[in-house]
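Structure first, commentary second.
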Amino acid sequence: MLVVLPRSTLRPPLIKSVFLAVVFPLVLGASINVAKPPKGSTVAIFGLGAVGLAAAEGARIAGASRIIGIDLNASRFEEARKFGCTEFVNPKDHSKPVQEVLAEMTNGGVDRSVECTGNVNAMIQAFECVHDGWGVAVLVGVPHKDAEFKTHPMNFLNERTLKGTFFGNFKPRTDLPNVVEMYMRKELEVEKFITHSVPFSEINKAFDLMAKGEGIRCIIRMEN
């Protein structure tokens with residue numbers, strides 16, 4: 001993807017520009033532009049991989065006061081604090097559905113949720129955990145083509161809102177330069193997303209890290 005760098009600022013390092021051009025700004029947009037959490041609100045993030053952490057970063061920038069990370073891998077929790085997560089839930093630690101756990105934690109439900117796994121059960125949980133009357137759930141993860149989303153119609157009648165997004169309502173030509181500007185103003189900390197860097201000759205190591213869930217984003221350097 002080509003990025004139009006803003007003329008009014010110093011240019012970011014090329015390696016950071018690459019990261020700013022891909023998933024990060026799109027998921028950031030899912031939180032800021034689609035979920036639109038009010039300042040002081042509570043946001044639940046389902047999935048704490050790179051996509052979920054970018055969503056948490058967006059919620060932090062928007063001013064959410066509580067950001068609850070949900071993931072089956074508890075080893076991700078400490079790292080997620082760097083991206084704004086304040087509390088965590090591991091579904092394996094509870095005998096009741098996650099949406100019920102979140103409702104108890106938040107006096108009836110969260111204000112916003114962002115689903116970043118693509119697991120249809122997590123999508124249903126993300127919708128059913130938002131508060132009646134004003135809660136908004138945003139689906140970012142891509143489900144299996146045969147997956148079926150099933151929930152009780154009363155969840156809609158109770159004025160919960162379900163949204164989906166592919167690109168976070170981002171317009172690359174106009175919005176990506178703004179993301180670069182945010183980085184140059186130090187409002188975004190891209191560095192914390194980059195946990196590893198390997199030469200192209202070790203590309204398999206990058207795939208191993210990804211498969212094991214041991215890294216967030218790995219930069220692959222082209223060799224001379």
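Going by the UniProt record's numbering, the first residue of the sequence shown is number 1, and it counts up by one from there.
Glycine included, C-beta positions come from ideal geometry on N, C-alpha and C.
Remember, predicted model here, so these are calculated numbers, not experimental data.
When C-beta atoms of the segment 154 to 173 are compared with those of the segment 195 to 203, fewer than three pairs fall below 8 Å, so the two segments do not count as touching.
Between Ala54 and Val34, the C-beta spacing is not below 8 Å.
Boundaries of the alpha helix (DSSP H) harbouring Lys205: Ile203 to Lys212, taken from the DSSP string. Of all C-beta pairs linking the segment 182 to 191 to the segment 202 to 214, fewer than three are shorter than 8 Å, placing the two stretches out of contact. By the Cβ-count criterion, Phe149 is exposed, with fewer than 16 other Cβ atoms from all chains shown falling within 10 Å of its own Cβ.
The beta carbon of Met182 sits closer than 6 Å to the beta carbons of Leu188 from its chain, once the five residues preceding and following it are set aside; these are given in chain order. Residue burial is scored here from C-beta neighbours: Ile68 has at least 16 other C-beta atoms within 10 angstroms and is therefore classed as buried. Met123 and Arg185 have their C-alpha atoms some 34 Å from each other. Between the segment 40 to 60 and the segment 106 to 121, the count of C-beta pairs closer than 8 Å reaches three or more; the two stretches touch.
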